[in-house]
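Residue numbers (the working numbering): 21 to 349.
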Amino acid sequence: MRSLRPGDTLVLQAGTYDIPSDVPGLPLFDLNGTADQPIVITGPETGPRPILLGRSTHNTVRLSNSSHVVVRNLEIDGRDLGGAGVAAQGVAHHITLENLLIRGAGGDQQIVGISTVGAPTWNWVICGNTIVGAGTGMYLGDSDGTNPFVAGLIERNLVRDTIGYNVQIKHQVGRPTVAGMPTDPQRTIIRHNVFAKSGNSATGGMARPNLLVGHFPTSGMGSEDLYEIYGNFFHHNATEALFQGEGNIAFYANVMVNGAGSAVNIQPHHDVPRSIHVFGNTILASGSGIRVTGGAAGFPQLVFGNAVFAATPISGGQQRDNVTGTRAS
Numbered sequence: 021m022r023s024l025r026p027g028d029t030l031v032l033q034a035g036t037y038d039i040p041s042d043v044p045g046l047p048l049f050d051l052n053g054t055a056d057q058p059i060v061i062t063g064p065e066t067g068p069r070p071i072l073l074g075r076s077t078h079n080t081v082r083l084s085n086s087s088h089v090v091v092r093n094l095e096i097d098g099r100d101l102g103g104a105g106v107a108a109q110g111v112a113h114h115i116t117l118e119n120l121l122i123r124g125a126g127g128d129q130q131i132v133g134i135s136t137v138g139a140p141t142w143n144w145v146i147c148g149n150t151i152v153g154a155g156t157g158m159y160l161g162d163s164d165g166t167n168p169f170v171a172g173l174i175e176r177n178l179v180r181d182t183i184g185y186n187v188q189i190k191h192q193v194g195r196p197t198v199a200g201m202p203t204d205p206q207r208t209i210i211r212h213n214v215f216a217k218s219g220n221s222a223t224g225g226m227a228r229p230n231l232l233v234g235h236f237p238t239s240g241m242g243s244e245d246l247y248e249i250y251g252n253f254f255h256h257n258a259t260e261a262l263f264q265g266e267g268n269i270a271f272y273a274n275v276m277v278n279g280a281g282s283a284v285n286i287q288p289h290h291d292v293p294r295s296i297h298v299f300g301n302t303i304l305a306s307g308s309g310i311r312v313t314g315g316a317a318g319f320p321q322l323v324f325g326n327a328v329f330a331a332t333p334i335s336g337g338q339q340r341d342n343v344t345g346t347r348a349s
């Protein structure tokens, strides 16, 4: 693996990959392609996929000190042994994860399909993947607000039946000085995904939204970054809202159906909502539809042009041109 150079493509043939005498999975350490010549590791375009089996001792696909790497057309089966499906264990940027099937990462809520807790990451593309039954589908960033996930694109994924979050992007306490990390304002785009939970969701104090995005740095580099979240389908959450967010968010053209609870909560988490634009969404919910609370003064919190049918359709924010009614309308 370490012999791969910019422009190389490694094709893994269909079959099960697990050699007991060797380290498991796919260690992608010190692999650096270029923008024009990425390093590609792929299964066949059609037919059966290579299956990478996980172990309790390792995350299955591991990245560190790597860039401009594409991983696609693989099946990752963690066998519910405790390892993440894909994990950034060191700095990794310009990484593409495409058309992966990730399963067997659900023995516990803390087990993750795709994780970037280990280091700062930027310019990741996570597209066309299926994550089924994970503890948490994607956990991007770290719990203390360090190791930020910056300028990502998350699109066309199906994330379902998770115990906790389908996706959580953690808050950011600052933008570290890492060579190559963007210093100007960036967008993280979340579009055209399906986020669905089911009867195995955690309850009580462990209940989690389908998607949660935390705040950006409150000053300095990164403070003007934006989450652009559009064209997604959110379905079912009996114990939490479908979406929760703070910071700078444009949330639009999403379809949300929750027959067991609420849809959108814009509210303080580790900081507060700042620049908020919620528009053009279609929402059916048995609880609240759109709730905006605790926003920072001097920033817009706009809710406009939505069609919301819920027990409490819209509360908070600066509202205009919405169509509202009860869920039975």
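Every residue gets a Cβ at the ideal spot worked out from N, C-alpha and C, and that includes glycine.
These numbers come from a predicted model, not from an experiment.
Backbone CA spacing between Tyr185 and Leu32 [nearest angstrom]: 31 Å
First and last residue of the uninterrupted beta strand (DSSP E) at Tyr37: 35-37
DSSP-derived helix/strand/coil call for Met226: helix
Straight-line Cα distance separating Glu248 from Ala216: 19 Å
Nearest-angstrom Cβ-Cβ length linking Arg75 and Leu101, presumed shorter than 8 Å: 6 Å
Under the three-state DSSP convention, the category Asn278 falls into: strand
At least three beta-carbon pairs within less than 8 Å, the region 291-302 to the region 254-264: no
Sequence-distant residues of the same chain with beta carbon closer than 7 Å to Ile334, five excluded per side: Gly309, Ile310, Val323, Val328, Asn342, Thr344
Cα-Cα separation, Gly219 to Thr77: 29 Å
Exposed unless 16 or more other CB atoms sit within 10 angstroms - verdict on Gln109: buried
Distance CB(Ile59)-CB(Gly53) smaller than 8 Å: yes
Every unbroken beta strand (DSSP E) within the region 227-314, with a cutoff of 3 residues, ordered by chain: 231-233, 246-250, 253-255, 263-265, 267-272, 275-278, 284-286, 293-299, 302-312
Nearest neighbour of Asn285, chosen from Thr197, His113, Ile209, Thr332 [CA to CA]: Thr332
Inter-residue Cα distance where the pair is Gly265 and Ile151: 22 Å
CA-to-CA distance, Arg207 to Thr156, given in whole angstroms: 23 Å
Nearest candidate by alpha-carbon position, reference Val312, set Gly200, Ile269, Val90, Gly336: Gly336
Outcome for Ala55 when other beta-carbon atoms lying within 10 angstroms are tallied against a minimum of 16: exposed
Of the listed residues Gln57, Gln287, Leu304, nearest to Gly315 (C-alpha basis): Gln287
Where Ser23 sits in the DSSP three-state scheme: coil
Bridge-paired residues (DSSP) for Trp142: His113, Val170
Whole-angstrom distance between Leu120 and Asp97, CA atom to CA atom: 11 Å
Alpha carbon of Phe213 to alpha carbon of Gln338, nearest angstrom: Going by the sequence as given, residue 213 is Asn instead of Phe. Those two C-alpha atoms are separated by around 28 Å.
Ser84 versus Phe263: straight-line alpha-carbon distance, rounded: 31 Å
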